[in-house]
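K.L.:
Quick note: the sequence shown uses this note's numbering, first residue 965, plus one each step.
I'd like to ask some things about the structure below.
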Amino acid sequence: MSLLSVCTTDTLKSAALAIKNGQLVAFPTETVYGLGADASNPQAVARIYEAKGRPADHPLIVHIASLDAMGKWARDIPEYAITLARDFWPGPMTLVLKRSELAGDFVTGGQDTVGLRVPAHPIALALIKEFNAIGGNGIAAPSANRFGAVSPTTAQAVDEELSAHLQSEDLILDGGPCLVGVESTIIDCTGPTPMVLRLGAITPLMIEESTGLVALESNPAAIRVSGSLDSHYSPKAKVILDVVAVAGDGLIAPDQIPTPQGVVRLASPGTIEEYARVLYQALRSADQRGLEVVVVLQPGGDGLAAAIRDRLQRSAQS
Ligand code: TXA
Ligand code: MG
């Protein structure tokens, strides 16, 4: 496995070729790093599950280069889904649609729907375009972490998570730290109105403003979204929410909160956007420092703050 820190046109071409040849390529998106494989190649997709240690019935998101490719992977696309795609792609949003024949069981976890996303990171977009140029249709990619662990927001974090599970011809593309920092909003578009399956940077209010439809709340028991399992996004350290940190604990809290004596400050975000951007790396650094407990003071408010609280509550479950 090689970690490529300079992504030139040549490296992107060889990464696209590696995917075409059935290898895995981890790449940056604006949300978190993804572990990519040819979404039309069952053996390659099976390797994603192996590398992550993820159950085979959990569906993957297919990453495409533009809205024009939606019709290849999905059918019966409702008008409001096209409106959402126009307004928020490329960007941190995944649409769940009825699948076409191109979307095999091996990528949808056997469901009759498919998750599609056009990522905004220039390296991700360029990689998908290079892959399309050599006959590809889309890149299947979950977050590039072991199952249940914290999603990686840097190439180094991908390396720590997965290098032991990758092969010598697999690649990690380094595009620097992710700008959003939490995974995409997932919107089920198979019903008459949009339903949010996972909160993210595209908020229910933005969905309503875009489509004129009120986004429904999901019923987590009824859907198979691994990120909505109760225990997920978890470092080895125990995450405890909204208590006073004591000496020896790690602390992630908004910048106006002082650090008690003997507490290891892991992050002091000044805004909600910064909170999302630094959270996963801060949780990771707790493990790097061998801390047993991380106290996290949750941000208040709607939108992205609600997405952060959603992840934190799952992170604190284990
Ligand atoms: O921001 C993101 O979405 C990142 C980047 C790499 O794109 N990807 C990501 O993938 O978070 P993953 O696999 O870690 O989480 C995607 C979630 C999973 O929980 C999966 O179950 C759900 O999306 N999902 C995918 N396809 C689905 C479908 N057809 N129906 C319901 N849920 C689906
Ligand atoms: Mg994930």
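We treat Cβ as the ideally placed atom computed from N, Cα and C, and that holds for glycine.
1. DSSP on serine 1107, reduced to helix/strand/coil?
2. Assign alanine 1185 to buried or exposed, taking buried as 16 or more other Cβ atoms, counted over all protein chains shown, within 10 Å of its Cβ.
3. Looking at phenylalanine 1095: is its Cβ nearer than 8 Å to the Cβ of proline 1006?
4. Helix, strand or coil for histidine 1022, going by three-state DSSP, please let me know.
5. Are the segment 1222–1230 and the segment 1274–1282 touching by the rule of at least three beta carbon pairs closer than 8 Å?
6. For valine 1207, which residues in the same chain have their Cβ closer than 7 Å to its Cβ, ignoring the five residues on either side in sequence?
7. Given the structure, does proline 1106 come close to the ligand MG, in the sense that its CB is under 7 Å from one of the ligand's heavy atoms?
8. For leucine 1243, count neighbouring Cβ atoms within 10 angstroms of its own Cβ and tell me buried if that reaches 16, exposed if not.
9. Could you tell me whether any non-hydrogen atom of the ligand TXA is closer than 7 Å to the CB of arginine 1081?
10. In whole angstroms, what separates the C-alpha of isoleucine 1041 from that of alanine 1108?
11. Taking C-beta to C-beta, are threonine 1077 and valine 1060 nearer than 8 Å?
12. According to DSSP, aspartate 1002 sits in a beta bridge with which residue or residues?
13. Mind checking which residues open and close the alpha helix (DSSP H) that includes methionine 1170?
14. Any idea if serine 1132 is buried or exposed, counting beta-carbon neighbours within 10 angstroms, 16 or more meaning buried?
15. For the ligand TXA, any of its heavy atoms closer than 7 Å to the Cβ of glutamate 1125?
16. To which residues of the same chain is proline 1233 closer than 7 Å at the C-beta, ignoring the five residues directly before and after it?
17. For the beta strand (DSSP E) holding valine 989, just list the boundary residues, first then last.
18. Between leucine 1169 and glycine 1017, is the Cβ-Cβ spacing less than 8 Å?
19. Would alanine 1211 be called buried (16 or more neighbouring beta carbons within 10 Å of its own) or exposed?
20. Just list the residues that DSSP pairs lysine 914 with in beta bridges.
21. Classify histidine 1129 as helix, strand or coil using the three-state DSSP reduction.
22. Look at the alpha carbon of arginine 1188 and the alpha carbon of leucine 1255, and state the distance between them as a whole number of angstroms.
23. Under the rule that 16 or more other beta-carbon atoms within 10 Å means buried, what is arginine 1253, buried or exposed?
24. Are three or more beta carbon pairs between the segment 991–998 and the segment 1008–1016 nearer than 8 Å?
25. Rounded to whole angstroms, what's the CA-CA distance from arginine 1063 to aspartate 1032? Just pull it up for me.
26. Just curious, the beta strand (DSSP E) that arginine 1162 is in, first and last residue?
27. Cα separation between leucine 1176 and arginine 1011?
28. Report, in whole angstroms, the separation of the C-beta atoms of tyrosine 1197 and serine 1115, which I expect to be a contact under 8 Å.
29. Excluding sequence positions up to five away, which residues of its chain have a Cβ less than 7 Å from the Cβ of leucine 1089?
30. Do glycine 1145 and histidine 1085 have their C-beta atoms within less than 8 Å of each other?
P.N.:
Working from what's here:
1. strand
2. At alanine 1185 the pLDDT is 47, less than 50, meaning the model places this residue with poor confidence; the figure from the coordinates comes in the next sentence. Burial call: exposed.
3. no
4. For histidine 1022, the secondary structure class from DSSP, reduced to helix, strand or coil, is coil.
5. no
6. Val1259
7. For the ligand MG, at least one heavy atom lies less than 7 Å from the Cβ of proline 1106.
8. buried
9. yes
10. 29 Å
11. yes
12. Answer by DSSP bridge pairing, in chain order: Ile1103.
13. Under the DSSP assignment, methionine 1170 falls in the alpha helix (DSSP H) whose first and last residues are 1168–1175.
14. Here serine 1132 is exposed, its C-beta having fewer than 16 other C-beta atoms within 10 Å.
15. no
16. The beta carbon of proline 1233 sits closer than 7 Å to the beta carbons of Pro1218, Asp1219, Tyr1239, Val1242 from its chain, once the five residues preceding and following it are set aside; these are given in chain order.
17. For valine 989, the uninterrupted beta strand (DSSP E) run begins and ends at 989–991, by DSSP.
18. no
19. exposed
20. As shown, the chain starts at 965 and ends at 1282. That puts residue 914 outside it, with no answer to give.
21. In the three-state DSSP reduction, histidine 1129 falls in the helix class (H, G or I).
22. Below a pLDDT of 50, predicted positions are generally treated as unreliable, and arginine 1188, at 49, falls in that range; the measurement from the model is reported next regardless. CA-to-CA, the gap between arginine 1188 and leucine 1255 works out to about 32 Å.
23. exposed
24. no
25. If I take the Cα positions, the gap works out to 15 Å.
26. 1159–1162 is the span of the beta strand (DSSP E), which, as asked, contains arginine 1162.
27. Leucine is not the amino acid found at residue 1176; the sequence shown has glycine there. Roughly 41 Å separates the two Cα atoms.
28. 7 Å
29. Sequence-distant Cβ neighbours of leucine 1089 in its own chain, meaning closer than 7 Å and more than five residues away, are Ala1029, Pro1054, Pro1083.
30. no
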